[in-house]
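Participant: In this note's numbering, the protein residues as written are 52 to 494. Ideal Cβ placement from N, Cα and C applies to all residues, glycine included. All figures in this text were calculated on a predicted structure; none of them were measured in a lab.
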């Protein structure tokens, strides 16, 4: 008969096993459930975890906030999840230098709150900043609405600390902002989806927080009119911080989220965000409103702070809740035409509601669809892949069910670059420990 101490010990082991099981299940990915989850809180802990995984010839997938963990191919192996959500440490902000250093587990939302107290901000945006982490955002080169005016994450990373598959800690770049760009590993790791090393810390250069920001939303019943107005801003005297053309059901959703209503079933929404000094923003708002009125918009609104947040958050939500989301990057004219071609394809129209979100300044379009079942999603994904492959540019299927990933590479063909990418992977992760099979070319 068990003693009371033995019973308590057995119960404790059962609780621990239950927690480990739930943790492993919560880190399931593309049909894989890891056998264990590592939760390092220090650099030494992360290094030791990777050394242990490497020594046991296991494969690992790094996790941050999980907001973009679904982007990527099906892993060819997945034994251990490396959860970096507790790897936060202290944020090292130098307002005078306009730089900041943050650990991988710090969320973008928390980091911006710290910076805002000193009148500064990150130069880029990401979706779901409350959960998106520094490490995951940089590793996946997460897109954002301000790419029109400030570019992508890679443009603002000035230094990085990474831990290689065998536990070796490496550094590239630093806090000092330099104008000369060479072969820098922090740029290579940005957007490499954690296949070369686990990002543990990143240094960013920053921008001042604008004194004023304002979003204007307008809606049209003709795509060409909405497009013409949007491109007038892009090619005009000033570049809005963000300028986005939305079509399909997504257009009605963002209009409703802003507190307005669109009378037409087929509506095109144009969202423009301006920022700067108070007088400059006032002038820009007047110019935007004047251009909208002159081109015969059905309606427009200059949004309050709350309505602005609701509208942009709804736009992000369209992508997160879609059954299929494909992001295409090219020249703006190509991105616009690609979105139109796909939206008007009969098979795609029949498959379910299709929307497009086009960043007119940056030159990207995100096609979203909500087909009724996975087989229809696969059929639509094949059509979109075929259409986009005919055009100059690159695409990533950012949201899709497992059967799509099993059928195709979610990244577009990178051509002869794949040979160089494989050599770099072999150099930095020769045992194929980190995120195996998940990157372009199923590296």
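Could you work out which residue in 446, 82, 142 is closest to residue 379 when comparing CA atoms only?
Facilitator: Measuring from the Cα of residue 379, the nearest candidate turns out to be 446.
Participant: As a quick exercise: from 333, 438, 433, pick the residue whose alpha carbon is nearest that of residue 459.
Facilitator: The shortest Cα separation from residue 459 among 333, 438, 433 belongs to 433.
Participant: Would you mind sorting residue 359 into buried or exposed? The rule is 16 or more other CB atoms within 10 Å of its CB.
Facilitator: So residue 359 counts as buried.
Participant: Using only the alpha-carbon positions, how far apart do residue 72 and residue 84 sit?
Facilitator: For residue 72, the pLDDT reaches just 47, beneath the cut-off of 50, and the residue's location in the model is therefore unreliable, leaving the point undetermined.
Participant: List in chain order: all unbroken beta strand (DSSP E) runs of 3+ residues lying wholly within the region 381-436.
Facilitator: Whole beta strand (DSSP E) segments, 3+ residues: 405-410, 415-420.
Participant: What residue ranges within the region 184-240 form continuous beta strand (DSSP E) runs of no fewer than 3 residues, ordered along the chain?
Facilitator: For the region 184-240, whole beta strand (DSSP E) runs of length 3 or above, ordered along the chain, are 208-214, 220-224.
Participant: Among the residues of its own chain, which have a CB less than 6 Å from the CB of residue 169, if the five just before and after it don't count?
Facilitator: If we look at residue 169 and ignore the five residues flanking it on each side, its Cβ neighbours are 146.
Participant: Closer than 8 Å is the cut-off here; do at least three beta carbon pairs connect the region 388-396 with the region 331-342?
Facilitator: Touching, no, given that fewer than three Cβ pairs across the two stretches are closer than 8 Å.
Participant: Does the beta-carbon of residue 329 have 16 or more other beta-carbons within 10 angstroms, so that it is buried, or is it exposed?
Facilitator: Classification of residue 329: exposed, given that the 10 Å Cβ count is below 16.
Participant: Should the region 407-416 be called in touch with the region 277-286, which here means at least 3 C-beta pairs below 8 Å?
Facilitator: Yes, the region 407-416 is in contact with the region 277-286.
Participant: Would you kindly work out how many angstroms separate the C-alpha atoms of residue 230 and residue 154, rounded to a whole number?
Facilitator: Because residue 230 sits at a pLDDT of 41, beneath the cut-off of 50, its placement in the model cannot be relied upon, and the following sentence gives the value as read from the coordinates. If you take the alpha carbons of residue 230 and residue 154, they lie about 24 Å apart.
Participant: Express the C-alpha separation of residue 186 and residue 152 in angstroms, rounding to a whole number.
Facilitator: Those two C-alpha atoms are separated by around 12 Å.
Participant: Identify, in the order they occur along the chain, each residue of the same chain with its Cβ nearer than 8 Å to the Cβ of residue 172, setting aside the five sequence neighbours on each side.
Facilitator: For residue 172, where only same-chain residues beyond five positions count, the Cβ hits under 8 Å are 163, 166, 257, 258, 259, 260.
Participant: Measuring only the C-alpha atoms, how far is residue 180 from residue 196?
Facilitator: So the alpha carbons of these two residues sit roughly 13 Å apart.
Participant: Identify the residues that DSSP records as bridge partners of residue 378: which are they?
Facilitator: Beta-bridge pairing links residue 378 to 417, 447.
Participant: Just the C-alpha distance for residue 352 and residue 140, rounded to the nearest angstrom, thanks.
Facilitator: Between residue 352 and residue 140, the C-alpha separation is close to 42 Å.
Participant: Please classify residue 372: is it buried, with 16 or more other beta-carbons within 10 angstroms of its beta-carbon, or exposed?
Facilitator: Residue 372 should be labelled exposed.
Participant: For residue 246, which of helix, strand or coil comes out of DSSP?
Facilitator: Three-state DSSP puts residue 246 in coil, outside helix and strand.
Participant: Please classify residue 489 as buried or exposed, where buried requires at least 16 other C-beta atoms within 10 Å of its C-beta.
Facilitator: The residue is buried, with at least 16 neighbouring Cβ atoms inside 10 Å.
Participant: In three-state DSSP terms, what is residue 324?
Facilitator: In this structure, residue 324 counts as strand in the three-state DSSP scheme.
Participant: Can you grab the Cα-Cα spacing for the pair residue 98 / residue 377, in whole Å?
Facilitator: Computed Cα separation, rounded: 35 Å.
Participant: Please specify which runs of the alpha helix (DSSP H), each continuous and at least 4 residues long, are wholly inside the region 114-140, giving them in chain order.
Facilitator: Entirely contained in the region 114-140, not one alpha helix (DSSP H) run reaches 4 residues.
Participant: Taking the straight line between their C-alpha atoms, what separation do you get for residue 479 and residue 236?
Facilitator: Roughly 11 Å between the two C-alpha positions.
Participant: CB-CB under 7 Å to residue 435, same chain, minus the five flanking residues each way: which ones, in chain order?
Facilitator: So the list reads 377, 393, 418, once near-sequence residues are dropped.
Participant: Counting Cβ pairs closer than 8 Å, one from the region 462-475 and one from the region 87-107, do we hit at least three?
Facilitator: Touching, no, given that fewer than three Cβ pairs across the two stretches are closer than 8 Å.
Participant: Looking at the secondary structure, which residues open and close the alpha helix (DSSP H) in which residue 101 lies?
Facilitator: Counting along the chain, the alpha helix (DSSP H) containing residue 101 begins and ends at 94-106.
Participant: Rounded to whole angstroms, what is the Cα-Cα separation between residue 485 and residue 317?
Facilitator: Going by the C-alpha atoms only, they are around 45 Å apart.
Participant: Is residue 368 helix, strand or coil when you go by DSSP?
Facilitator: Here residue 368 sits in helix by DSSP.
Participant: Report the rounded CA-to-CA distance for residue 114 versus residue 243, giving the unit in angstroms.
Facilitator: Each residue's Cα considered, the two are about 14 Å apart.
Participant: For residue 249 and residue 156, I'd like the C-alpha separation in whole angstroms.
Facilitator: Their backbone Cα atoms lie some 12 Å apart in a straight line.
Participant: What are the partner residues of residue 330, as DSSP defines its beta bridges?
Facilitator: Bridge partners of residue 330: none, in fact.
Participant: Between which two residues does the alpha helix (DSSP H) carrying residue 280 extend?
Facilitator: It spans 274-285 - the alpha helix (DSSP H) in which residue 280 sits, taken as one unbroken run.
Participant: Output needed for residue 265: all residues of its chain with C-beta closer than 6 Å, excluding positions within five of it in sequence on either side, in chain order.
Facilitator: Cβ within range, chain order: 325, 332, 336.
Participant: Keeping to the same chain, check which residues put their C-beta closer than 6 Å to that of residue 368; ignore five residues upstream and five downstream.
Facilitator: Nothing meets the Cβ criterion.
Participant: Sorted by chain position, which residues of the same chain lie with C-beta nearer than 6 Å to residue 475's C-beta, five sequence neighbours on each side aside?
Facilitator: Around residue 475: no qualifying Cβ.
Participant: Would you kindly report the start and end of the unbroken beta strand (DSSP E) that includes residue 307?
Facilitator: Counting along the chain, residue 307 falls outside any beta strand (DSSP E), though it belongs to the alpha helix (DSSP H) covering 300-308.
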